[in-house]
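In my numbering, the protein residues as written are 1 to 358.
Even for Gly, the Cβ is constructed at its ideal location relative to N, Cα and C.
Structure, as structure tokens:
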């Protein structure tokens with residue numbers, strides 16, 4: 001019995017590649033990521049191209065598992081449904097009560113308008129450009145550090161902020177090697193995509209105009225969906241005056257909205273983003289899953305029946321408010337369907353806090 005996976009289940013020839021792809025014989029019990037892992041042995045075989053895409057007549061190998069069938073998407077769906085959603089990994093739910101006042105949380109689902117490309121840390125793979133995947137569930141994802149870097153760049157390009165500015169230092173912190181190290185107020189969560197495909201580029205020789213060897217890479221395709229989540233914690237303002245803390249939160253909230261809109265719709269957040277990769281559709285697909293709240297500043301739905309009501313005495317108004325609290329008839333309205341509506345919601349929250357009132 002060999003204890004190394006690739007030593008125990010060797011892929012030696014074209015027939016083994018077929019068995020791995022079709023989940024047959026000794027590979028029948030393996031899930032899709034494990035079979036793709038085994039295909040990596042093809043890089044030392046004469047049938048390397050067959051393990052990548054098959055041949056002219058038959059789709060095989062990685063292409064068959066990822067691109068020409070729904071096998072990998074089914075795996076992603078299973079992981080999301082059975083494990084990731086129950087663990088609240090898809091859309092986090094931070095405990096508002098445990099956070100300092102004027103913390104804010106922002107989350108929304110998005111749909112890719114152009115493909116997303118990244119580079120995984122996997123060193124042993126059948127192609128050179130695998131999409132980055134979460135280590136345990138093997139679901140394509142964007143790491144929090146990647147979001148942080150892309151968002152920082154969007155603020156530099158769109159808002160003219162440099163890394164040494166006070167705003168950038170407060171939002172992102174500074175280097176751990178710094179003598180005055182401080183953590184930032186922004187905390188990013190990973191994003192998990194629900195689809196994965198393959199793509200190819202075929203560079204041409206300038207002299208002969210003939211294609212060279214094709215370069216294969218994995219992508220999250222246009223139309224794939226993910227969820228972005230961000231938490232702002234002003235831990236370093238505790239002890240300051242309420243109005244000062246509130247003003248700082250709203251200043252950063254508006255800056256975050258502008259930066260996110262620029263990153264998602266203009267600059268992109270993918271490898272090859274200068275070529276247009278990694279931008280999203282302007283309208284969010286799952287409006288009921290969007291949320292934006294600021295701790296201690298609730299924003300409620302407008303009840304038209306209450307707007308049209310007849311004038312009441314102070315006692316009647318008090319009784320009605322008490323009834324609403326007891327029956328939970330007032331529900332916080334934190335949803336939005338686009339960056340424009342997000343901006344409008346921020347204005348409503350500011351109004352609720354009395355910022356825009358004379």
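Length of the line joining the Cα atoms of residue i and residue j
i: residue 118; j: residue 285; result: 23 Å
i: residue 28; j: residue 114; result: 35 Å
i: residue 35; j: residue 23; result: 8 Å
i: residue 16; j: residue 291; result: 49 Å
i: residue 80; j: residue 206; result: 46 Å
i: residue 200; j: residue 18; result: 22 Å
i: residue 163; j: residue 55; result: 50 Å
i: residue 69; j: residue 53; result: 13 Å
i: residue 95; j: residue 169; result: 25 Å
i: residue 11; j: residue 39; result: 7 Å
i: residue 21; j: residue 213; result: 23 Å
i: residue 189; j: residue 92; result: 8 Å
i: residue 4; j: residue 258; result: 50 Å
i: residue 78; j: residue 85; result: 10 Å
i: residue 197; j: residue 282; result: 23 Å
i: residue 99; j: residue 185; result: 12 Å
i: residue 64; j: residue 172; result: 42 Å
i: residue 7; j: residue 37; result: 12 Å
i: residue 165; j: residue 344; result: 28 Å
i: residue 175; j: residue 149; result: 13 Å
i: residue 134; j: residue 152; result: 23 Å
i: residue 167; j: residue 136; result: 36 Å
DSSP state of residue i mapped onto helix, strand, coil
i: residue 141; result: strand
i: residue 184; result: coil
i: residue 104; result: strand
i: residue 378; result: No answer is possible for residue 378: it lies beyond the span of the chain, which begins at 1 and ends at 358.
i: residue 353; result: coil
i: residue 173; result: strand
i: residue 24; result: coil
i: residue 146; result: helix
i: residue 69; result: coil
i: residue 286; result: coil
i: residue 109; result: strand
i: residue 30; result: coil
i: residue 272; result: coil
i: residue 9; result: coil
Residue i, buried or exposed, once every other Cβ within 10 Å from all chains shown has been counted against 16
i: residue 42; result: buried
i: residue 62; result: buried
i: residue 124; result: exposed
i: residue 180; result: exposed
i: residue 243; result: exposed
i: residue 295; result: buried
i: residue 354; result: exposed
i: residue 87; result: exposed
i: residue 66; result: buried
i: residue 303; result: Model confidence at residue 303 stands at a pLDDT of 47, short of 50, so the residue's coordinates are unreliable; what they give is reported in the following sentence. Under this definition residue 303 is an exposed residue.
i: residue 183; result: exposed
i: residue 107; result: buried
i: residue 273; result: buried
Cβ-based neighbour list, residue i, same chain, cut-off 6 Å, excluding 5 preceding and 5 following
i: residue 132; result: 118 and 120
i: residue 33; result: 138
i: residue 278; result: 116, 268, 269 and 270
i: residue 289; result: 109
i: residue 334; result: 291, 292 and 293
i: residue 276; result: 114
i: residue 203; result: 212
i: residue 352; result: 297 and 299
i: residue 59; result: 68
i: residue 122; result: 130
i: residue 147; result: 188
Beta-carbon spacing of residue i, residue j below 8 Å
i: residue 141; j: residue 192; result: yes
i: residue 129; j: residue 72; result: no
i: residue 116; j: residue 270; result: yes
i: residue 109; j: residue 262; result: no
i: residue 349; j: residue 297; result: yes
i: residue 219; j: residue 111; result: no
i: residue 255; j: residue 159; result: yes
i: residue 435; j: residue 154; result: Past the boundaries of the shown model lies residue 435; the chain is included only from 1 to 358, so the question cannot be answered.
i: residue 346; j: residue 253; result: yes
Cutoff 8 Å; reference residue i; Cβ partners in own chain excluding five residues on either side
i: residue 187; result: 144, 230, 231, 232 and 233
i: residue 31; result: 75
i: residue 13; result: 45 and 47
i: residue 362; result: In the structure displayed, the chain extends from 1 to 358; residue 362 sits before or after that span and is not available.
i: residue 222; result: 112, 113, 114 and 115
i: residue 336; result: 108, 284, 287, 290, 292, 342, 344 and 345
Close beta carbons around residue i, own chain, < 7 Å, minus the five adjacent residues each side
i: residue 127; result: 52, 62, 216 and 217
i: residue 248; result: 234 and 237
i: residue 338; result: 282, 283 and 284
i: residue 309; result: Note on residue 309: pLDDT 39, under 50, position unreliable in the model; the coordinate value appears next. Nothing listed; no residue qualifies.
i: residue 90; result: 80, 84, 192 and 227
i: residue 246; result: 102 and 353
Proximity test, residue i beta-carbon vs the ligand SAM heavy atom, cut-off 7 Å
i: residue 264; result: For the ligand SAM, the structure offers nothing, since it holds no ligand at all.
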